[in-house]
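Only one structure is covered here, and it is reproduced in the block below.
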Ligand SMILES: Nc1ncnc2c1ncn2[C@@H]1O[C@H](COP(=O)(O)OP(=O)(O)OP(=O)(O)O)[C@@H](O)[C@H]1O
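Residue numbers (my numbering): 2 to 551.
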């Protein structure tokens, strides 16, 4: 049976990879077609969390009766983007170093963390760190993961997906967990895989923050570029409960027998659609084969049994979920659920996109039962404003500078497609007195982290970078993203754009292109379902060309 499962995984990955690698511009846009409810829920009834196997109440931890979650009557609905006002009390959940506006679009849920079933110790830690109210996607994902379901979490960039999976995991493993079950000290209990070192380190910092200084050794980074022997020594010495790393390094250390993951309870694939890329194929195969056992405890889960599943729980996460991910998730998990900000549906009910509708513009007013073409919209934060401006290639950097002045942007990420162009652009900006730095994969780990630190601290105003920084990077202060080179497609546009407008903050995205490229911008506008307005930068001001609506 294990051999059969292995073959199946390999074939499916291969299938996924080839289609991803060779798909054209319009094919990679994540699309779902109409959603039908299958399985345990009676199709004629309203789908509720209870019908998906949630109990009406989740027991509070450590006997605290106040912490009960009433889910029995929660209707699972097709997600709609909702604009939600936040109270001054809720906004205080943001960090003290806040220096940008927060729109009244922050995706905070009405519930509290303890209502979601998290243990009191963890809730206390969250409060200490300034996290007071869960976001919508956290409110949907936390109870679902606590109920042992395999999940695909999809929600727009900057909506809090990292804590959406970290919190239920930390409720079950490590020093903040709800029960005192002993652990096998040899094995790690959760493996989190991320496609880049920067994202891996960012997740490590998030876990360290929650564990606190005394226990932060219980999370271990296994990212490429860092000293491997030191990582192996730390694994041996600290016996971490959770490791976070890049596919190559995790697979390498696992193959060397220095990472014991056979009884691992959680496997998280962050930016899962990126992890399906061809270059990660072999490493991902090893990880999927060696981390925990393939899940299959669905019966217990769906019956609402609290019996602990013995197999690995697989959690897949991204703002963009193309159908290749849906296919892979079905193979890697057991009856996985698709968790979005306002809905939890069986993944089985998501069907392949209808190619005849690929070019249609998604509508915000689509009916609840029709998710067709809505996914690209859901991957973009609602608080972004999109522009494009036309210029000749040799004037792009100068236009970038004028754009930054016109929008009075303080923290800018500018994307270029070729690494060798980055240095030149940095030189031009610095020559005009604007603090800039380049970030790309050819730099060493230390240089990369130093540059990022300077950017985060505000010592660098413009970060010129390539696709490396498009995924997952969380710099809340970033108020402007500029495409100096066009993104490959609307999925890449969404991830780049998502570096700004984090968690309800305002943000602008400006694509600076040449005249013959305007049709590509037009196509992305259509696929993303957002207005990308034509503009110019004149006399230090942004001028929108009302007559040039795409
Ligand atoms: N409940 C919360 N209250 C306040 N801040 C939060 C909360 N949840 C997350 N955040 C903050 O929101 C920011 C965005 O979160 P996160 O990076 O997890 O988003 P994401 O959805 O994973 O984005 P991406 O798709 O770009 O990876 C982070 O700075 C995080 O610390």
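Glycine residues also receive a C-beta, built at the ideal position from the N, C-alpha and C atoms. Predicted model only: the values in this text are computed from it and were never measured.
**Q.** Assumed close pair residue 192, residue 244 - CB separation to whole angstroms, cut-off 8 Å
**A.** The beta-carbon distance between residue 192 and residue 244, rounded to whole angstroms, is 6 Å. This is short enough to meet the 8 Å contact definition.
Q. Just to check, is the beta-carbon of residue 137 closer than 6 Å to a non-hydrogen atom of ligand 1?
A. No.
(Q) Taking 7 Å as the threshold (C-beta atoms), are residue 485 and residue 410 in contact? (A) The answer is no: Cβ separation not under 7 Å.
Q: Measuring alpha carbon to alpha carbon, tell me which of 257, 111, 427 and 381 ends up nearest residue 502.
A: If we check each option's Cα against that of residue 502, 381 comes out closest.
Q. Does the beta carbon of residue 477 fall short of 6 Å from some heavy atom of ligand 1?
A. Flag set: Cβ of residue 477 near ligand 1.
(Q) I need the straight-line Cα distance from residue 90 to residue 526, nearest angstrom please. (A) Low local confidence applies: a pLDDT of 36 at residue 90 is under 50, so the model's placement there is unreliable, and no value is given.
(Q) Between residue 494 and ligand 1, is there a pair consisting of the residue's CB and a ligand heavy atom that are separated by less than 6 Å? (A) Not so, every heavy atom of ligand 1 lies at least 6 Å from the Cβ.
**Q.** In DSSP terms, what residue 484 is bridged to
**A.** BP columns for residue 484 point to 416 and 512.
Q. Roughly how many whole angstroms lie between the Cα atoms of residue 524 and residue 388?
A. Distance between residue 524 and residue 388, taken at the CA atoms: about 14 Å.
Q: Tell me, to the nearest whole angstrom, how far the beta carbon of residue 385 is from that of residue 510; I am working on the premise that it is less than 8 Å.
A: Yes, they are in contact, since the Cβ atoms of residue 385 and residue 510 sit about 6 Å apart, within 8 Å.
Q. Just to check, is the beta-carbon of residue 163 closer than 6 Å to a non-hydrogen atom of ligand 1?
A. Flag set: Cβ of residue 163 near ligand 1.
Q | Three-state class that DSSP yields for residue 404 in the structure shown | A | In the structure shown, residue 404 adopts helical secondary structure according to DSSP, grouped into three states.
Q) If you count every other CB in all the chains shown that lies within 10 Å of the CB of residue 255, and 16 or more means buried, which is it? A) Buried.
(Q) According to DSSP, residue 542 sits in a beta bridge with which residue or residues? (A) Answer is 539.
Q. When every heavy atom of ligand 1 is checked, does at least one fall within less than 6 Å of the C-beta of residue 132?
A. Checking every heavy atom of ligand 1 against the Cβ of residue 132, one is found closer than 6 Å.
(Q) For residue 216, tell me which candidate among 188, 197, 496 and 240 has the shortest Cα-Cα distance. (A) Comparing Cα positions, the closest option is 240.
Q. Between the Cα of residue 195 and the Cα atoms of 269, 334 and 488, which residue gives the shortest distance?
A. Checked all of 269, 334 and 488; the closest Cα to residue 195 is 269.
Q. Between residue 80 and the rest of its own chain, which residues show a CB-CB distance below 7 Å, the 5 nearest in sequence each way excluded?
A. Residue confidence for residue 80 is low, a pLDDT of 32 falling below 50, so the modelled location carries little weight; the figure read from the coordinates is stated next. For residue 80, same chain residues with a beta-carbon under 7 Å away, outside a window of 5 residues either side, are 341, 342, 343, 344 and 379 in chain order.
Q) Just to check, is the beta-carbon of residue 466 closer than 6 Å to a non-hydrogen atom of ligand 1? A) No, ligand 1 has no heavy atom inside 6 Å of this Cβ.
Q: Please report how far the alpha carbon of residue 125 lies from the alpha carbon of residue 207, in whole angstroms.
A: Looking at the two C-alpha atoms, the distance is approximately 15 Å.
**Q.** Helix, strand or coil at residue 105 according to DSSP, with G and I counted as helix
**A.** Unreliable positioning characterises residue 105 in this predicted model, as indicated by a pLDDT of 48, which lies under 50. A coordinate reading is not provided.
Q) What is the DSSP secondary structure of residue 525, reduced to helix, strand or coil? A) It is helical.
Q: Work out the CA separation of residue 537 and residue 418 for me, nearest whole Å.
A: Approximately 23 Å, taken between the alpha carbons.
Q. Can at least three beta-carbon pairs, one atom from the segment 459-473 and one from the segment 488-499, be found at a separation below 8 Å?
A. Contact between the segment 459-473 and the segment 488-499 is present: 3 or more CB-CB pairs across the two stretches fall below 8 Å.
Q. Whole-angstrom Cβ separation of residue 153 and residue 317, contact assumed at under 8 Å?
A. The pair is a contact, with the Cβ atoms about 5 Å apart (cut-off 8 Å).
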